[in-house]
Every structure is written in C-alpha cells, then in structure tokens.
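According to my numbering, the sequence shown is numbered sequentially starting from 1. Where is the CB? At the ideal position from N, CA and C, for every residue including glycine.
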Amino acid sequence: MSGHNKWSQIKQRKGAQDAKKSAVFSKILNAIIIAARPDPNPSTNPRLRAVVEKAKAANVPQDNITRALSRQQEKELYEFTLEAYGPEGIALIIQAITDSTNRTNNELRKILSDAGAKVADPGSVLWSFTFSEANQSFSPKFTQPATGVAKENLEKIIIAINEHPDVQAVIHNAE
C-alpha cells in the first residue's frame, strides 16, 4: 500500500501548492522584466515600483526579483493585448506577456473559440475601457448587465484564459 503514509500525503499537497506558487511567481517576474525595460531603477520607474510591490505582496523572494531585474536585458519578452467579446456581447481585454506573440495569440484564440467567445478586431473593444497610467490597468467606461447563464459562462471563460501561463490579466465590463 504505497502512497498511504504521512510523507506521501504531504508530498502531494506540497507539490500542488508549489505549482500554484510557481505560476504566480513566473507571471509577476515576467511583468517585472517588461516594466524594467525603459528604466531598471524602481525609484524612478513608477510602473516597475508597482510591480515590485505586487511581487513583495505575493511573497516573491528578493533574490528572484533582483535576478529578474538583471535578466531584463537578455530575455526578449513582448506585451500582448487581445480583445474579445464574451457571452451576450460582454467586452474582454486580455493582457499577456510572452516570448512568442504568434503562439500566444493562437493559443488564446483557441481557448476563446472553444469557450464560445469571439476574438474582436483591434480597437473594437478598447474604446469601452479607460487606461489608468497610475496603476497601469484598464477599467470599463460603462458596465453591461449579464444574465445568470452569461455570468457563469463568463466565469468559465475567465478561468480558462487565466490558466494560460502568459496571461497577466483579464478585464471585462460585466456587472
């Protein structure tokens, strides 16, 4: 009866927790690499300062943060924004950081089409959101009411998209 002792139970639980933590850390560290491109000094770069504070709030080790800051010149990453319409025409903005925009674009399109959402033309969704320079995020100009079924489908779409390792944020305008 292997796998029934206490260490096996701890090992399985710890492995799952470490996998979740690793996914969060890699997303935050990629955001640090992108934010450090213009200026790698957090005291003069407000976007980098905000991402570093977010990393510290998520308990990312300081060694990992400094390694990401030093690695920002050698790793070629790109910011990527995809616009889509979900159930009942709910607008979605997907922000990602990737080393291959073509691969990420195709993978996200597949996730969206499998979930019943439609990829929108560039600019057709962005007009309904405002971009805040202070916290580097989008917020909806207006919200759209959604029925119970549409809300459930939207939650499923957001969960599926957030599981992609390159996705940083999913913003929608549903109430």
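Rounded straight-line distance, which links the Cα of residue j to that of residue i
i	j	result
LYS198	PRO38	Residue numbering for the chain in the displayed model covers 1 to 175; residue 198 lies beyond these limits and cannot be assessed.
GLU133	ALA50	11 Å
LYS75	LYS6	41 Å
PRO40	LEU48	8 Å
LYS110	ASN135	30 Å
ALA58	ILE32	13 Å
SER70	LYS21	22 Å
ASN105	HIS4	43 Å
PHE80	TRP127	17 Å
LEU77	ALA23	17 Å
ILE65	SER26	11 Å
Residue i, DSSP secondary structure in three states
i	result
ALA91	strand
PHE142	coil
SER113	helix
VAL125	coil
THR130	strand
Residues bridged to residue i (per DSSP)
i	result
LEU82	ILE94
Residue i - containing alpha helix (DSSP H), residue span
i	result
GLN9	6-35
SER70	62-71
Integer-rounded CB distance, given that residue j should sit under 8 Å from residue i
i	j	result
ALA115	ASN173	Rounded, the Cβ-Cβ distance is 17 Å, inconsistent with contact.
ALA117	ALA84	5 Å
Residue interval of the beta strand (DSSP E) (run including residue i)
i	result
ALA169	167-172
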